Amino acid sequence: MGNLYKFWSYDIFICIVCLQNYLLSSTAYLVHKMEKFMSEALEEAKKALREFNEVPVGCVFVYKNEIIARGHNLVNLTKNPTRHAEFVCIDKVLHYCKINQLDFSDVFKEIIVVVNVEPCVMCMSALYDLKIKEIYYGCKNDRFGGSTVVNVANLVKTDTTLIGEINDKEAMDLLKQFYATGNPLAPISAKPL
1 MGNLYKFWSY DIFICIVCLQ NYLLSSTAYL VHKMEKFMSE ALEEAKKALR
51 EFNEVPVGCV FVYKNEIIAR GHNLVNLTKN PTRHAEFVCI DKVLHYCKIN
101 QLDFSDVFKE IIVVVNVEPC VMCMSALYDL KIKEIYYGCK NDRFGGSTVV
151 NVANLVKTDT TLIGEINDKE AMDLLKQFYA TGNPLAPISA KPL
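In terms of full-length UniProt numbering, the sequence shown is residues 1 to 193.
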């Protein structure tokens, strides 16, 4: 009985080690994949800053491991306070679903959102309402964040996974660059001296 127990224990040990290695490699793969998508979101943010003098927030929506929507803030350009990167992408997904004859509610449930800044309360609420599968963000949004300032997930029932602080330094550097000169459409009292 003693020898049988030793073999059984060894087999369990090997299974546990294999499972740990699998989980670590899966996590490493996931982090690598999200960093790739985050670099795409950061490119959108840089575009917002360079080409449109917008708050540098960029976003991609990933469906079946493919980017089907990308966007960046267009608030200043459109003078519409709802044209955040996430809403721009939501509109593009709706269009994608229409031309591909897909049920948008089914598609949104499989979407992974990757955005360089934590979604604001408005965007986070919309993403949760659409039942987005996962949200990955770069830096925290200490002024308007839908998790940091108001934890929207506590207010609504959601199964959405939320993971932050991926490439957060680069995202924060872009925000600092934008706010160093000030938002051109901000009230004078809100602009830096």
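Heads up, the beta-carbon is just placed ideally off N, CA and C, and yes, glycines get one too. Just so you know, these numbers come straight off a predicted model, no measurement behind them.
Using 8 Å as the threshold, is the C-beta distance between residue i and residue j below it?
i      : j      : result
Glu118 : Thr161 : no
Val62  : His84  : no
Glu51  : Asn76  : no
Asn167 : Gly138 : yes
Val107 : Cys120 : no
Lys109 : Lys131 : yes
Ala171 : Leu42  : yes
Met34  : Tyr136 : yes
Val93  : Ile67  : no
Taking its Cβ as the centre, do 16 or more other Cβ atoms sit within 10 Å of residue i, making it buried, or is it exposed?
i      : result
His95  : exposed
Gly182 : exposed
Ile99  : exposed
Leu23  : Note on Leu23: pLDDT 48, under 50, position unreliable in the model; the coordinate value appears next. Exposed is the call here.
Glu44  : buried
Ala180 : exposed
The alpha helix (DSSP H) with residue i in it runs from where to where?
i      : result
Ile90  : Ala85 to Ile99
Glu170 : Asp168 to Thr181
Val114 : No alpha helix (DSSP H) holds Val114; the beta strand (DSSP E) holding it covers Ile112 to Val117.
Val75  : Val75 to Thr78
Would you list the one or two residues that DSSP bridges to residue i?
i      : result
Leu162 : Ile135
Phe52  : None, per the DSSP bridge assignment.
Could you give the C-beta distance for residue i and residue j, rounded to a whole number, given that I count them as a contact under 8 Å?
i     : j      : result
Glu86 : Val113 : 7 Å
On the DSSP letters alone, give me the boundaries of the beta strand (DSSP E) that residue i sits inside.
i           : result
Phe144      : That residue, Phe144, is in no beta strand (DSSP E); it is neither H nor E in DSSP.
residue 266 : The first residue shown for the chain is 1 and the last is 193, placing residue 266 beyond what the model contains.
Flag residue i as yes when its Cβ comes closer than 7 Å to any non-hydrogen atom of the ligand NAP, and as no otherwise.
i      : result
Val156 : With respect to the ligand NAP, the structure shown offers nothing to examine, as it has no ligands at all.
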